[in-house]
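Report on one structure; see the data block that follows.
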Amino acid sequence: MTVTRGERPTHDSAESQELARTLQRDLSGDLDGEAQFDDYTRQLFARDASMYAITPLGVVFPRHADDVAAAVAAAAAHQVSVVPRGAGTSLAGQTVGPGLVLDLSRHMNRVVELDAGSGTALVEAGVVQDQLNRAASPWGLMFGPDTSTSNRATIGGMIGNNSAGSGSVRHGMTIDHVRELDVVLSDASRVRLDRVDEATRAHRATRTTLEGALYRELPEIVRANHAAIADGFPAHWRRACGYRLDRLAREDTSFDLAKFVVGSEGTLAVATSALVDLVPKPSRTVIAVGHFTSVAGAIDATQDALACDPAAVELMDRTILDLSRRKIEYAALGELLNGDPEALLFVSFSGDDEAELLGQLKRLTGLWSRNGHGYHTLRAVTPTQQASLLKVRKAGLGLLMAASEGTRRPLAFVEDTAVDPVHLTEYTRRFKEVLDRHGMTAGFYGHCSVGCLHIRPYLDLTDPADVVKMRSVAVEIKDLVAEYGGVNSSEHGDGLARSEFNREIFGDALYEAMRQVKKLFDPDNVLNPGKIVDAPSMTDNLRDVTLLPVEPLRTRLSFEVVGAGAAPGAGDGGGGAMRAAADRCMNIGLCRKSGSGAMCPSYMATRKEEDSTRGRAAALVKALSEPDPRAALGDERLHEVLDLCLMCKACKSECPLGVDMATLKSEALSHHHDIHGVPLRSRVFGSIRFLNRMGSATAPLSNLPGRIPLVRRLMDRTVGIAPARPLPVFVRQNLTRWFRRRKNTTHPITQGTVTYLADSFTTFTEPDIGRSAVQLLERAGWDVRLESGVCCGRSSLSKGLVDDAKKKARHLADTLSKATEAGSPVVGCEPSCLMTLRDEHLSLLPDDPAVKDIAGRVRQVEELLVEAIDDGRLRPREDSWLAGRTLMYHGHCHQKAEVGTAATVALLNRIPGVTVVELDAGCCGMAGSFGFESEHYDVSMTVGEDRLFPAITAEPQDTVVVATGVSCRQQIFHGTARDAWHPVQLLWEAVAPEAGQGPPN
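Residue numbering for the sequence shown follows my numbering, starting at 27 and increasing by one per position.
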């Protein structure tokens, strides 16, 4: 199917809708899992991480293999194709198709059995690679193929793709680690594929089933095409292309259908579980990072590296390095580099003998020095030294995607070629000549150890000329790689991007043999048709081409996206820019990770695609592409998709493309309110400063309702506030009252004036935090001005009350601009409020000079206090009760997203005698009002229980828990019964003898 620009997707016809209803009805009684056929679910599964988009008829979420079989049977009965899908991170379009998508990742994700003795694991298809590695680690084992997407790539997807990764020079590809596969065939039969001897094969061939036909007829196909198989496959071993008839043609007497199915992209069978081999996990890794003045120079150094028996040799060019410097998430790398290299070569050595590894490292540096390779070699021998290096290396794809400008993106169509490393320098030079001739730029990174570079040229596929140019380059590179005996698909597969060329690559005879294989396994063409054989043109089904023109829509927030003006309709300053902000998502799926970072907390809790950042982005792209986007933004199904977004803003920093879902949700909520009205609870939470001020003024009486069960049940029914959630305790002697009534400071003013933002929360419920901050700043030589009369609008914005937030932002900016000295800093202790001044206010009022001025003056209070300690203006005592204790610090999500946690960690480390441990525990799950809301309470607690609560409860009682966010402290106490301190409270304890709070009970 070729889709021209502006053409609506298929499946909108009455016939298709009736077919969808029939399928849903047929499946409803046969599945323990779920089947969804609504427009938004279909949109979420219309894309993968490739440049393609095909809207499916529906999506099934099977719970077990019988569900898979039922779905295949129902689809086949109605002549509907089936598309198996794991994480949906395929780069060549393998996991998009017009039929029934099977999402095997939501439920089928158990590590069923791990046998350390035999070094094997039985896993369901939806198990994530890192999940398997965590399970295997206690036994000193791991899964050999090491993909850069290991934190979301499923084993089933890796089997479909024959994935490899950076360590393939040592561990090979997925095909080398699969022992057995449980699969569903195209006739819905369930069979086990494994390695059998000739007698067993002959026995199975007697069966009058599809399985029996495979064992009878496949050997005949192999025998009839022996010469074509011997001559037709590319010479290079690293192959993720075509059907692996070469494996069946080996001279040993075994017959292994499990390995044969690996790499078939779901076109021959649907894998439901796998028995895979594990490999010993090395206890130590050391890394040499060579610095080079050119990409060619780095590639030239590869042969010396290979001579030292490395575990991996990885290239990264300046394009990736420069992009990493722009992201808080990866900024630490820049501090380690020497000079300004054009390219880096990462050479890893892994094993258990540290002396041997250091010897390999020394040998490599000696070879590079003698042969004049590079101008500097960084040695990273400890996990701490390696952390930022490995983080950036794994993020290469995402960082490259971050340089997209509108619909001009780095595209995957020639990114997966591989040649013998001996030829890599010359091959890369000629590759670049092709790009130069067509006027293209690209980033260069990948696996030099196996001759595979991921080169992604920048193109705008909404421009027909660029589509023509893309195909021309694909043809030239296909021919170039053949000259060197290389492969067109070395680990990312054929999919829609490269299958078109398989007849030319393999030759007519071998290609026809592969078509016979497909016909044998799948006579009715049910399983993922159009991949590997009988494929459409690579220029069909391009995702950007299907985007419709954006209809006029006035937005309240400004969506300033890098290069948004290049996106269709982005220049309208409204709906077009908003859609461009959502459409930056390229589906690489980092928001589907678990076990690290904060993005995306709701996905970690539910494992639903619609609860990931990319799922929400896809839903918004659909709504904003409708003929009436204003009405579409009021759609209840859309707001189901958006509902569990905690607005933690982790996606703003952790998503390599910076998709800011919190801002997008605020805008979408405001349009929902326009149509449906503002709910009472939203008004209540939007007025939180007023309510907290009243609560403080009437304390302690105001604290009584929170303790009366009948009142809590009434609050649940009328407002929707969860009765299980403790309410904040109001303090009558709030920060404002204390500041107004206290005696003037006697400390000399040496630093000028600083404005302390008295936020809407700690001011009235934890005033000790503000008191500690004010007194520390005064001791550090600052004249402290308290800004306590105006709300920043954070709470209003979180509930979609954007107009109210805009008024508050303007009022606060005007007040601060008039009442403070030019250039004087504005600080605060609540990250969500303080960061609003430097982020959301600019989106609310992008042209207001006062807003821009104040945003530029915002600083973390920790920064000023660290400077004071380093200058000797503050002197923490060495004999405070904190000395000898561990401080376990949990950072606020908004702080991490905007400025990072370095200043807070630096401050805590300046308290004498303490050991600071920064948790990687994700979002706490509270997220302001989210955790108070009845329907969100369970998800909120599930997020906290993922990593944060276990990390804290595992600590001894004398460990001091530290958290910068008020919501984080509330959640930690509710989930662990442990008090959490704000960093400024602890510094005050260490600085002032009169502080006197002492250690917690």
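For each residue, glycine too, the CB sits at the ideal point set by N, CA and C.
DSSP places Y963 in the uninterrupted alpha helix (DSSP H) bounded by 963-972. Looking at the DSSP output, H262 bridges to nothing. Linking V757 to L868 through their CA atoms gives a straight-line distance of about 33 angstroms. Rounded to the nearest whole angstrom, the C-alpha separation of V373 and P875 is 50 angstroms. Going by DSSP, Y471 is part of no alpha helix (DSSP H) but of the beta strand (DSSP E) stretching over 468-473. Check the Cα spacing between G615 and each of G601, G600, R605, E636: the tightest is with E636. The Cβ atoms of A190 and E441 lie no closer than 8 angstroms to each other. Counting along the chain, Y537 sits inside the alpha helix (DSSP H) bounded by residues 534-547. Under the 10 Å beta carbon count, L736 is surrounded by fewer than 16 other beta carbons and is classified as exposed. Around the beta carbon of S176, 16 or more other beta carbons sit within 10 angstroms, so the residue counts as buried. CA-CA distance, R797 to C855, rounds to 11 angstroms. Across the structure, G882 and H773 are spaced so that their CA atoms are roughly 28 angstroms apart.
Contact annotation: L57 and A96 have beta-carbon atoms nearer than 8 angstroms. Rounded to the nearest whole angstrom, the CA to CA distance from S144 to G660 is 56 angstroms.
Distance check between D654 and each of P938, A845, R580 places R580 closest, using alpha-carbon atoms only.
Beta-carbon to beta-carbon, I181 and V302 are separated by about 7 angstroms, close enough to satisfy the 8 angstroms threshold.
Cβ contact annotation for A101 (same chain, cutoff 8 angstroms, sequence separation greater than five): L49, S107, V108, G125, L126, V552, in chain order.
Setting aside the 5 residues that flank it on each side, G600 is surrounded in the same chain by P578, L579, R580, T581, each with a C-beta closer than 8 angstroms to its C-beta; the list follows chain order.
In this structure the segment 750-766 touches the segment 786-800; the number of beta carbon pairs closer than 8 angstroms is three or more. Checking the DSSP bridge columns, you'll see A314 partnered with V373, R405. Cβ neighbours of A369 within its own chain (closer than 6 angstroms, five residues either side excluded): F318, V321, A324, D343. C681 sits close to M625, with the two beta carbons spaced by under 8 angstroms.
Spatial neighbours of A231 in its own chain (CB-CB distance under 7 angstroms, excluding positions within 5 residues in sequence) are listed in chain order as G238, Y241, R242. The beta carbon of F765 is closer than 6 angstroms to those of L812 in its chain, skipping five residues each way along the sequence. When only Cα atoms are considered, L390 and T81 end up about 51 angstroms apart. Annotation: the segment 158-208 contains the following complete segments of the alpha helix (DSSP H) (minimum length 4 residues), in chain order: 181-187, 194-197.
Contact between the segment 399-412 and the segment 467-476 is absent: fewer than 3 CB-CB pairs across the two stretches fall below 8 angstroms. Each of R739, P754, R733 was checked against the Cα of L717, and the nearest Cα belongs to P754.
A straight-line Cα-Cα distance of about 40 angstroms links F286 and D946. For M184, the closest alpha carbon among the candidates V288, L148, R249 is that of V288. Taking 3 residues as the minimum length, the segment 693-736 contains no beta strand (DSSP E) run wholly inside it. Under the criterion of beta carbons closer than 8 angstroms, V85 and R73 do not qualify as touching, at roughly 13 angstroms. M914 carries a strand assignment under DSSP once its states are collapsed to helix, strand and coil. In this model, A284 and A1006 are separated by some 53 angstroms (Cα to Cα).
In the three-state DSSP reduction, E680 falls in the helix class (H, G or I). For T846 and V780, the gap between their C-alpha atoms comes out near 8 angstroms.
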